[in-house]
Amino acid sequence: MTDELSVRAAPIRREPAHPSITRDQISRLVDGFYGKVRSNSRLGPIFEARVQGNWSSHLAKMKLFWASVLLRTGEYNGRPVPVHARLTEVETDDFRFWLRLFRETVAEIFTLEAQPIVVTTAERTAASLWMAMGDNRMKQPPDWSE
Ligand code: HEM
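Quick note on the numbering used here: the sequence shown kicks off at 96 and runs consecutively.
Okay, structure coming up:
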């Protein structure tokens, strides 16, 4: 049947952002990335102050976030913008450090074809989180590419 009703009722396709991306890679991305974050002298303390020892629940949440974004599973239904808008101690350059560690981790795990897709997703999200912070509204986010 190809009438209008059956077209509208068709199931939503949940294709990964790249076919090589797996749940196992996402799990390694999150564990590896936050391992680097925790030992970073600038980012580590910002996270430790909020996570307060609950790393396993933060990591579990971040795996749902990245699966939702990269595998389009819709498992994450939080609101990162208000969470980050409250982080008044975060400075613009912290995003550069965050993205540097993220790119490094992505390069260790994903295929060459998938890497730019994963990195671009993080860069775009970083820009919108940055714009929600302090008086950055309506400003142009900096260039964090390296
Ligand atoms: C300088 C950059 C960043 C800093 C310092 C930062 C810091 C944090 C902190 C402290 C939390 C709260 C942890 C907790 O309360 O358990 C958090 C949560 C989160 N972050 Fe970031 N973040 C940064 C950038 C990003 C970027 C670029 C993304 C996405 C690509 C991201 C995605 C998230 C998500 C999804 C959460 C969970 C929000 C929720 O509670 O639902 N963050 N971040």
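We put the CB at the ideal spot given by N, CA and C, even for glycine. None of these values were measured; they are calculated from a predicted model.
Candidates 147, 224, 162, 173: closest to residue 124 by CA position: Indexing the sequence shown from 1 puts residue 124 at position 29. Nearest C-alpha to residue 124: 162.
Let me know if residue 224 comes out buried or exposed under the rule of 16 or more other beta-carbons within 10 Å of its beta-carbon. Counting from 1 along the sequence shown, the entry for residue 224 is found at position 129. Answer is buried; the Cβ neighbour count reaches 16.
Quick check: the region 174-182 against the region 113-127, are there 3 or more CB pairs under 8 Å? Cβ pair count under 8 Å is below three, so no.
Simplified DSSP assignment, three categories, for residue 234: Along the sequence shown, one-based indexing puts residue 234 at 139. In the three-state scheme derived from DSSP, where H, G and I count as helix and E and B as strand, residue 234 is classed as coil.
Validate contact between the region 209-225 and the region 110-121 using beta carbons, cut 8 Å, 3 pairs: Put simply, the region 209-225 touches the region 110-121. At least three CB pairs are less than 8 Å apart.
Got a sec? Which residues, its chain only, sit under 8 Å from residue 121 by beta carbon, not counting five neighbours each side? By 1-based counting over the sequence shown, the position of residue 121 is 26. Cβ within range, chain order: 158, 161, 162, 165, 166.
C-alpha distance - residue 201 paired with residue 217, whole-angstrom precision: Indexing the sequence shown from 1 puts residue 201 at position 106. Indexing the sequence shown from 1 puts residue 217 at position 122. Between the C-alpha atoms of residue 201 and residue 217 there is a straight-line separation of about 11 Å.
In this structure, does DSSP put residue 113 in helix, strand or coil? Position 18 of the sequence shown holds residue 113. In the structure shown, the three-state DSSP call for residue 113 is coil.
Buried or exposed: which applies to residue 232, given that a residue is buried once 16 or more other Cβ atoms fall within 10 Å of its Cβ? To locate residue 232, count along the sequence shown from 1; it is residue 137. Around the beta carbon of residue 232, fewer than 16 other beta carbons lie within 10 angstroms, which makes this residue exposed.
When you compare only the Cα positions, how much space is there between residue 189 and residue 228? Sequence index remark: in the sequence shown, residue 189 carries index 94 (1-based). Sequence index remark: in the sequence shown, residue 228 carries index 133 (1-based). Each residue's alpha carbon lies about 13 Å from the other.
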